[in-house]
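Enquirer: Residue numbering for the sequence shown is 30 to 617, as defined by the numbering used here. We put the CB at the ideal spot given by N, CA and C, even for glycine. These numbers come from a predicted model, not from an experiment. Dropping a structure here in structure tokens format, bear with me for questions.
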Amino acid sequence: MAESAGQNDSILWRLRPDLQFESTATAGRYQVRNPVSGERFELGEEEVFLCQALSRTADPKVIQVDFAQRFDLAITADQLHQFYQDMATLGLLEPMSPAMEDITPAAADDGKQEHESYRWVFFNPNRAFAWLARHIGWLRYVTWLLAPGIPLALLVILYNQPQYQRALEIFADPGSHLLFKFTLGLFISNLFTRIAQGVAVAYVGGLVEQFGLRLEFGVVPHFFVGKSIRAATRPPQQRLAAARAAMLSKLTLFVSGILIWRLTYQSGVTLSSYAFLLGHLGLGAFLFIANPLWWGDGYVWLAVHLGLPRLRDRAFQVLGLYLRGRRPPAGLAPLEKYALVGYIVASVSYVLLLLCVVMLAKAVYLESQYQGIGVVLFLILVAMVMRWWLYRRTQKRQRIEARAQARVEAQTTLRAVNSDQSVGRQPARSKASLAAMKPIEDDPQRHYRLWLIVLALLAGASFLPYSYDVTGEVTLFPTARAEIHAVTSGIVTQVQVRENEWVTPEQALAELSAWQQDQDLAVTAAAIKRQQAELGLLQHGPKAEAIEYARQQLAAAQVRARHSRKVRELLEPVHQQGVVKALEYEEA
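This is the structure:
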């Protein structure tokens with residue numbers, strides 16, 4: 030196998046002097062511990078020999094010969110350099126010269142650079158946080174009240190279901206008031222969390238040099254404190270303090286918001302609605318950031334407790350080796366390999382699922398609330414996220430290219446150091462080496478092509494069919510006017526023409542309701558029947574049956590009159606004597 034000339038150069042790494050090697054119960058296996066980060070790695074005897082060989086020589090040929098004599102195995106220069114690169118990625122090796130500092134992988138907490146776009150630094154809050162840590166540091170004991178506070182808040186929700194459902198219905202009604210309260214709630218929640226993180230880190234002796242604002246995903250405004258406050262380069266105590274403060278502050282907002290809502294919802298004040306919203310925002314934010322599958326405080330807490338500050342980086346490296354068909358480092362135990370691969374697969378799946386759900390929900394909501402304008406707003410949000418993603422990829426590519434050039438310059442500098450040691454002088458760093466440390470300018474043609482692709486995608490999305498309704502007030506100014514009227518008045522029930530449709534003079538434009546005319550016809554028909562009956566009576570006179578019936582009625586009336594006369598004659602003398610009441614006499 031031919032080896033490149035570059036691979037035959039001296040090795041640019043050396044073993045870190047603070048590492049501690051410990052033998053394990055398994056023969057030929059060792060554990061190496063990083064006392065700064067607390068990480069532990071299990072290595073084989075071959076890996077330990079290659080790492081310790083750097084203490085004796087930096088010549089790869091000498092190391093290859095010693096390795097072959099010790100283990101009766103051959104290792105190529107390419108394999109040797111790749112092994113040392115992997116060990117440097119794990120933090121077990123350090124650069125031999127200052128020119129190699131840029132090659133060492135850095136692990137900022139979120140990949141942000143100090144002067145990056147989408148990020149604005151306001152001031153240095155270190156003195157303010159240090160003062161707060163000295164004077165209100167005792168408040169950390171108050172967080173123990175969350176143990177009974179969380180069950181109490183859940184019981185309040187459980188035993189106040191009617192009021193809780195009513196509050197949810199009020200907030201389910203979209204409007205400008207809800208948008209204002211939601212924005213204010215996010216502002217308070219995020220600011221409170223960042224202040225708590227800054228005070229917690231300052232309390233354990235950390236520095237919080239920055240306070241500012243950044244746009245997450247190019248859209249969501251988000252406060253931040255400190256420069257890489259969750260970075261793997263910070264001591265584990267500071268990383269745990271930052272993660273713990275963020276999660277406890279969210280739970281504090283949840284408990285406080287629910288209890289304040291319960292105490293004030295009957296008074297009808299605005300405070301109850303704000304407390305209700307703030308409590309739910311705190312609970313939702315806690316469930317989101319506490320999930321270790323997302324790059325949040327829950328992940329930082331898990332990584333520190335497992336002793337793996339670069340958990341995601343290691344998982345991505347192992348997965349990348351498997352995808353390229355290469356074997357992961359032999360120092361990783363089989364269980365650890367599968368655990369890292371399973372974790373990164375679950376994390377990527379969760380992020381993609383969350384992204385799809387959020388984008389779909391946002392698209393449906395905007396389209397249902399604002400119709401065509403909502404679709405335009407959604408496309409604008411997608412364009413902003415795409416721009417942020419392309420910017421991040423560009424920055425990452427620039428850093429990779431800068432490190433590659435710095436590696437070449439470092440090799441040149443190291444050879445110059447070795448050649449100048451014989452005359453006892455220190456070489457100055459070349460201008461080319463300094464230039465290699467600077468960010469590489471982006472290719473204008475490539476940037477132009479990326480923007481063309483984005484614009485083409487947006488233009489194609491604008492032609493996607495979607496249902497919409499035209500709303501709002503309009504005023505029509507026709508070029509020619511014509512008087513339109515109906516023979517009779519009535520209510521229009523159906524329009525038989527559409528907008529912008531030409532009509533003819535004899536064409537029916539609308540259909541009127543006939544209920545009023547039907548009612549008039551029914552009333553007229555009833556009157557005609559009544560008058561026809563009266564006319565027939567006048568023309569033909571009464572019938573024989575009617576005359577006989579009238580005679581029978583007259584005879585019955587005469588009989589009743591004679592009976593009443595006899596009763597009156599019998600009761601009149603008795604009535605005069607007062608025996609019969611006046612009412613009975615009058616009835617007779």
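Return the residue from the list V405, A539 and G519 that minimises the CA-CA distance to G489.
Expert: V405
Enquirer: When you compare the region 299-314 with the region 206-224, are there three or more beta-carbon pairs, one atom per stretch, that lie closer than 8 Å?
Expert: yes
Enquirer: Determine the extent of the alpha helix (DSSP H) in which E74 is found, giving its start and end residues.
Expert: E74 to A82
Enquirer: So what does F70 bridge to, in DSSP terms?
Expert: Under DSSP, F70 shares a beta bridge with V61.
Enquirer: Apart from the five residues just before and just after T281, which ones in its own chain have a Cβ nearer than 6 Å to its Cβ?
Expert: none
Enquirer: What residue range does the beta strand (DSSP E) around F246 cover?
Expert: Element bounds for F246: n/a, residue is neither H nor E.
Enquirer: For the beta strand (DSSP E) that contains W531, what are its first and last residues?
Expert: Run containing W531: none; DSSP gives neither H nor E here.
Enquirer: According to DSSP, simplified to helix, strand and coil, what is P46?
Expert: Note: P46 maps to coil in three-state DSSP.
Enquirer: Here's the rule I'm using: 16 or more other beta-carbon atoms within 10 Å means buried, otherwise exposed. How should G255 be labelled?
Expert: buried
Enquirer: Helix, strand or coil for L122, going by three-state DSSP, please let me know.
Expert: strand
Enquirer: In this structure, how does DSSP classify S378 when only helix, strand and coil are distinguished?
Expert: In this structure, S378 counts as helix in the three-state DSSP scheme.
Enquirer: Would the beta-carbon of Q536 be found less than 7 Å away from any heavy atom of the ligand HEM?
Expert: Only the bare structure without any ligand can be found here, which leaves the ligand HEM out of the picture.
Enquirer: Measuring alpha carbon to alpha carbon, tell me which of A556, K595 and K210 ends up nearest L300.
Expert: K210
Enquirer: May I ask you to verify whether the region 176-188 touches the region 282-289, counting CB pairs closer than 8 Å and requiring at least 3?
Expert: Result yes; three or more Cβ-Cβ pairs closer than 8 Å.
Enquirer: Thinking just about the alpha-carbon of each residue, which of R341, P250, W531 and P89 is nearest to the one in H110?
Expert: Here the closest residue by C-alpha is P89.
Enquirer: According to DSSP, what are the bridge partners of W149?
Expert: Note: W149 sits in a beta bridge opposite L242.
Enquirer: Just the C-alpha distance for Q560 and D547, rounded to the nearest angstrom, thanks.
Expert: 20 Å
Enquirer: So Y147 and L244 are supposed to be a Cβ contact under 8 Å. How far apart are they, rounded?
Expert: 4 Å
Enquirer: Across which residues does DSSP place L541 in a beta bridge pair?
Expert: V521
Enquirer: Name the DSSP beta bridge partners of S52, please?
Expert: S52 pairs with Y59.
Enquirer: By how many angstroms is the C-alpha of N153 removed from the C-alpha of E238?
Expert: 5 Å
Enquirer: Near L599, what residues of its chain come up, given a Cβ to Cβ distance below 7 Å and the 5 sequence neighbours on each side ignored?
Expert: none
Enquirer: Rounding to the nearest angstrom, what Cα-Cα distance links S462 and A431 in this structure?
Expert: Low confidence applies to S462: its pLDDT is 41, below 50, so where it sits in the model is not reliable enough to give any reading.
Enquirer: Relative to the C-alpha of E75, which residue among R99, T86 and A87 is closest?
Expert: R99
Enquirer: Quick one, are the C-beta atoms of M276 and F317 less than 8 Å apart?
Expert: no
Enquirer: If distances are taken between C-alpha atoms only, which option among R43, A586 and Q93 comes closest to T105?
Expert: Q93
Enquirer: Using the rule of at least 16 other Cβ atoms within 10 Å of the residue's Cβ for burial, across every protein chain shown, is P363 buried or exposed?
Expert: exposed
Enquirer: So R413 and G247 are supposed to be a Cβ contact under 8 Å. How far apart are they, rounded?
Expert: Here residue 413 is Met; the residue named in the question, Arg, does not match the sequence. Contact holds; Cβ gap of about 5 Å.
Enquirer: Buried or exposed: where does V386 fall if 16 or more other Cβ atoms within 10 Å of its Cβ makes it buried?
Expert: Exposed is the call here.
Enquirer: With the cut-off set at 8 Å, would you say F151 and L306 are in Cβ contact?
Expert: no
Enquirer: I believe L541 touches V521 by the beta-carbon criterion, under 8 Å. Please report the beta-carbon distance rounded to the nearest angstrom.
Expert: 6 Å
Enquirer: Name the DSSP beta bridge partners of F100, please?
Expert: Bridge partners of F100: none, in fact.
Enquirer: Leaving out five residues on either side along the sequence, give the residues of the same chain with a beta carbon under 7 Å from the beta carbon of V77.
Expert: F50 and Y59
Enquirer: In whole angstroms, what separates the C-alpha of T172 from that of S278?
Expert: 9 Å
Enquirer: What residue from Q346, L382, R353 and L242 has the CA that sits closest to K366's CA?
Expert: Q346
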